[in-house]
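In what follows, a single structure is set out as structure tokens and then discussed.
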Amino acid sequence: MSELRFLTPAGSSELQVNRSSPCSLEEAPAAASKPRHSLGVLHASYSVSHCAGPWWDIASRRHKWTRQILKDVSLYVESGQIMCILGSSGSGKTTLLDAMSGRLRRTGTLLGDVFVNGRALRREQFQDCFSYVLQSDTLLSSLTVRETLCYTALLAVRGGSQGFFQKKVEAVMAELSLSHVADRLIGNYSFGGISHGERRRVSIAAQLLQDPKVMLFDEPTTGLDCMTANQIVVLIAELARRDRIVIVTIHQPRSELFQLFDKIAILSCGELVFCGTPVEMLDFFSGCSYPCPEHSNPFDFYMDLTSVDTQNKEREIETYKRVQMIESAYKESTMYRKTLEDIERTKHLKTLPVIPFKTKDSPGALSKLCVLLSCVVTGCSETCLPCPVPVLRAVSDQESEDGLYQKWQMLLAYVLHVLPFSVIATMIFCSVCYW
Ligand SMILES: Nc1ncnc2c1ncn2[C@@H]1O[C@H](COP(=O)(O)OP(=O)(O)OP(=O)(O)O)[C@@H](O)[C@H]1O
Ligand SMILES: [Mg+2]
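As structure tokens, then:
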């Protein structure tokens, strides 16, 4: 077995998380009354077709080119585990998360299945099951942290007293170390606000309020300094230990995080070239005659090894061949076979655990409309102007994909909100013109 000790610097004690031993569904001790949840992606492929020329060039529009973005990707992960997906820019990480969470646009063709607890998910079930934290934070800048989370809680959970919501929000803020900035504005580039790392935490907190069992994070560390990035990843790993399935894509993790992940997957040009535990990763690449040099960051080393260099044709052919060789070795490995066996086994379990949907006890349409109206009115109280449409649109796109409300509810709330402004503006304009 490969030596892991050299990868963990002496000062990385704060990165220790309470790791539960990863055992399979059938090995789960009988004493643990709760069954482990599982997520399997089986032979996922995604391709898009585009017309070759501009719309006015009729001749060229007859020709279409097709590009395969994901190629036969299979993954398996259980609750209590955190999986890290690595890959160079454009390798298909975001597309894979979008495919898993049912958020791909209908322009492409997706093949393959997503199984949760052994059952293939239907399209309408995706948003009720997955919680997805996007690469960019879409939050209303003119609300405070507490207001943002209160509105999310009011939209996600039905009934409950004022105290119930307050307690829930305070608990999530404490869990994510946000209590000290609870009354500060989210802000933006023009009028300041909380830091980028704190904004990331608010986005995670908003998802946690919906009590998800499957959480996907797309590049949660982008734009953060090393220390904040590590803190965020450790926090996400902690969330996984609390009986959740967590999948996270990261560009350039630090070597200290190597042992934090239960599984590491590497994508290259849409193909899965490796997926296994950190120890299996070291063994596998050593077996392919690419041992990780001592004192180097295994993430950097393996990423370089599995990236296609397109700087010139020779390098491209050479690196592509290497990636193909690694990919074939992985497809013949026991790790790949085990992934397929695990997915197959969960389908045939005698007692399948129920699909872990997010809190479904959400308020009615009218209550949601009132909450949204209150949200946009509070949002404008800081600037005394209606919320900018592009910002509101981005927030409503994201939150409606999360299943918090329908897009038309936010639109209606906005129309009701701007109505008085429009009436007053028209009256002033008419009065000036008239007199
Ligand atoms: N709908 C689409 N039509 C055409 N090409 C697409 C579409 N969606 C994704 N792609 C292409 O697929 C490739 C993978 O994109 P994706 O965003 O998944 O990469 P990524 O690994 O997340 O990259 P990054 O690390 O930069 O975020 C890119 O080259 C992208 O241009
Ligand atoms: Mg991406």
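Under the working numbering, the first residue of the sequence shown carries the number 133, and numbering increases by one thereafter.
From the three backbone atoms N, C-alpha and C, an ideal C-beta is built for every residue, glycine too.
For residue 318, there is no enclosing beta strand (DSSP E), as DSSP marks it with neither H nor E. Residue pairing by DSSP puts residue 262 in a beta bridge opposite 346. DSSP, reduced to helix, strand and coil, places residue 505 within a helical segment of the structure shown. Shown here for residue 500: same chain residues with a beta carbon closer than 7 Å to its own, the five before and five after excluded, namely 287, 537 and 541 in chain order.
Residue pairing for residue 403: DSSP places it in a beta bridge opposite 203 and 400. Scanning its chain for C-beta atoms nearer than 6 Å, with the 5 sequence neighbours on each side dropped, one finds around residue 489 the residues 260 and 261, in chain order. With respect to residue 440, residue 401 sits close: the two C-beta atoms are nearer than 8 Å.
Boundaries for residue 247: no alpha helix (DSSP H) harbours it, while the beta strand (DSSP E) harbouring it runs 241-248, taken from the DSSP string. Here the residues close to ligand 2, judged by CB distance below 7 Å to any of its heavy atoms, are 225, 226, 267, 350, 351 and 381 in chain order.
In this structure, the straight-line span from the alpha carbon of residue 207 to that of residue 548 is close to 46 Å. The C-beta distance from residue 339 to residue 418 rounds to 38 Å, too long to meet the 8 Å contact threshold. Of the candidates 396, 386, 567 and 471, 386 places its Cα closest to the Cα of residue 427.
DSSP places residue 464 in the coil class of the three-state scheme, outside both helix and strand. In the structure shown, the three-state DSSP call for residue 210 is strand. Of all C-beta pairs linking the stretch 551-560 to the stretch 288-305, fewer than three are shorter than 8 Å, placing the two stretches out of contact. Take the alpha-carbon of residue 373 and the one of residue 351: they are about 20 Å apart.
Scanning its chain for C-beta atoms nearer than 8 Å, with the 5 sequence neighbours on each side dropped, one finds around residue 258 the residues 233, 234, 235 and 246, in chain order.
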